[in-house]
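*Asks:* Attaching a single structure in C-alpha coordinates format; questions to follow.
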Amino acid sequence: MKLSGTITYLSPESSGTSTNGNNWRKIEAVLTYNTSNAAHPNAVLFTVMNDRIDQMRLEVGKGYEVSLDFDVREYNGRRFLSATAWAAKPLGV
11 MKLSGTITYL SPESSGTSTN GNNWRKIEAV LTYNTSNAAH PNAVLFTVMN
61 DRIDQMRLEV GKGYEVSLDF DVREYNGRRF LSATAWAAKP LGV
(Lines of atoms letter the chains of each structure in order from A; the text may use other names.)
(Lines give C-alpha, C1' and ligand atoms only; values in the text may rest on other atoms or scores of the structure.)
Protein backbone atom coordinates (compact mmCIF):
# COMPACT_ATOMS: atom_id res chain seq x y z
CA MET A 11 0.00 0.00 0.00
CA LYS A 12 1.25 3.50 -0.81
CA LEU A 13 0.44 6.53 1.36
CA SER A 14 1.54 10.13 0.80
CA GLY A 15 2.00 12.57 3.64
CA THR A 16 4.42 14.26 6.01
CA ILE A 17 6.80 12.61 8.46
CA THR A 18 5.83 13.94 11.89
CA TYR A 19 8.01 11.72 14.10
CA LEU A 20 11.24 9.73 13.85
CA SER A 21 12.49 7.60 16.74
CA PRO A 22 16.14 7.28 17.64
CA GLU A 23 17.77 4.32 15.91
CA SER A 24 17.90 1.09 17.90
CA SER A 25 20.02 -1.94 17.08
CA GLY A 26 20.95 -5.37 18.32
CA THR A 27 21.72 -8.94 17.38
CA SER A 28 19.05 -11.54 16.63
CA THR A 29 19.02 -14.98 18.23
CA ASN A 30 20.59 -16.43 15.08
CA GLY A 31 23.48 -13.92 15.22
CA ASN A 32 22.38 -11.36 12.61
CA ASN A 33 22.83 -7.66 13.38
CA TRP A 34 19.77 -5.44 12.91
CA ARG A 35 18.90 -1.72 13.01
CA LYS A 36 15.45 -0.15 13.33
CA ILE A 37 13.70 3.21 13.44
CA GLU A 38 10.03 4.01 13.86
CA ALA A 39 8.34 6.85 12.00
CA VAL A 40 4.90 8.45 11.86
CA LEU A 41 3.46 9.51 8.50
CA THR A 42 0.52 11.92 8.76
CA TYR A 43 -1.42 11.36 5.54
CA ASN A 44 -4.82 13.03 5.93
CA THR A 45 -5.16 16.41 7.58
CA SER A 46 -8.66 17.29 6.32
CA ASN A 47 -9.84 17.19 9.95
CA ALA A 48 -7.18 19.21 11.79
CA ALA A 49 -8.37 18.03 15.20
CA HIS A 50 -8.02 14.35 14.23
CA PRO A 51 -5.49 13.85 11.40
CA ASN A 52 -4.91 10.32 10.10
CA ALA A 53 -1.46 8.89 10.66
CA VAL A 54 0.33 5.55 10.58
CA LEU A 55 3.27 4.35 12.69
CA PHE A 56 5.70 2.22 10.69
CA THR A 57 9.09 0.58 11.05
CA VAL A 58 12.13 0.94 8.79
CA MET A 59 14.77 -1.78 9.08
CA ASN A 60 18.50 -2.11 8.36
CA ASP A 61 19.91 -0.63 5.11
CA ARG A 62 16.54 0.89 4.16
CA ILE A 63 17.14 3.48 6.90
CA ASP A 64 20.08 4.85 4.89
CA GLN A 65 18.29 4.47 1.54
CA MET A 66 15.15 6.39 2.58
CA ARG A 67 16.85 9.18 4.58
CA LEU A 68 13.54 10.27 6.14
CA GLU A 69 13.32 13.73 7.73
CA VAL A 70 10.68 15.18 10.04
CA GLY A 71 8.56 17.83 8.33
CA LYS A 72 9.15 16.58 4.79
CA GLY A 73 6.64 14.91 2.46
CA TYR A 74 7.02 11.35 1.14
CA GLU A 75 5.14 8.66 -0.72
CA VAL A 76 5.78 5.61 1.46
CA SER A 77 5.26 2.00 0.37
CA LEU A 78 4.10 -0.11 3.31
CA ASP A 79 3.48 -3.78 4.07
CA PHE A 80 1.08 -4.63 6.90
CA ASP A 81 1.24 -7.77 9.01
CA VAL A 82 -1.08 -9.17 11.70
CA ARG A 83 0.29 -11.45 14.40
CA GLU A 84 -1.47 -13.38 17.13
CA TYR A 85 -0.10 -13.59 20.67
CA ASN A 86 -2.00 -14.98 23.66
CA GLY A 87 -5.30 -14.77 21.80
CA ARG A 88 -4.84 -11.13 20.82
CA ARG A 89 -4.06 -9.70 17.38
CA PHE A 90 -1.39 -7.08 16.70
CA LEU A 91 -0.90 -5.03 13.51
CA SER A 92 2.51 -3.84 12.35
CA ALA A 93 3.52 -1.75 9.34
CA THR A 94 6.93 -1.89 7.68
CA ALA A 95 8.15 0.53 5.00
CA TRP A 96 10.15 -0.88 2.11
CA ALA A 97 10.40 2.29 -0.02
CA ALA A 98 9.93 6.05 0.32
CA LYS A 99 9.99 8.67 -2.41
CA PRO A 100 10.27 12.38 -1.52
CA LEU A 101 7.27 14.42 -2.70
CA GLY A 102 7.83 17.34 -5.03
CA VAL A 103 11.11 16.03 -6.42
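Each step along the sequence shown adds one to the number in our numbering, with nothing skipped, and position 62 is 72.
Beta carbons: idealized from backbone N, C-alpha and C, even for Gly.
Taking only runs of the beta strand (DSSP E) that begin and end inside the region 12–36, which ones reach a length of at least 3 residues, in chain order?
*Replies:* 12–20 and 24–27
*Asks:* Between which two residues does the alpha helix (DSSP H) holding residue 83 run?
*Replies:* Per DSSP, residue 83 is not a residue of any alpha helix (DSSP H); the beta strand (DSSP E) it occupies stretches across 73–85.
*Asks:* Beta-carbon separation of residue 101 and residue 69 under 9 Å?
*Replies:* Not closer than 9 Å, so no.
*Asks:* Tell me whether the region 23–30 and the region 86–98 touch, counting them as touching only if at least three CB pairs, one residue from each stretch, are closer than 8 Å.
*Replies:* no
*Asks:* Considering only the alpha carbon of each residue, which of 28, 36, 49 and 72 lies closest to residue 93?
*Replies:* 36
*Asks:* Going by DSSP in three states, residue 62 sits in which element: helix, strand or coil?
*Replies:* helix
*Asks:* For residue 54 and residue 39, what's the separation of their Cα atoms in angstroms?
*Replies:* Straight-line spacing of the CA atoms in residue 54 and residue 39 works out to 8 Å.
*Asks:* Going by the CB atoms, is the gap between residue 29 and residue 72 shorter than 9 Å?
*Replies:* Result no, Cβ atoms of residue 72 and residue 29 do not sit closer than 9 Å.
*Asks:* Report the rounded CA-to-CA distance for residue 13 versus residue 83, giving the unit in angstroms.
*Replies:* 22 Å
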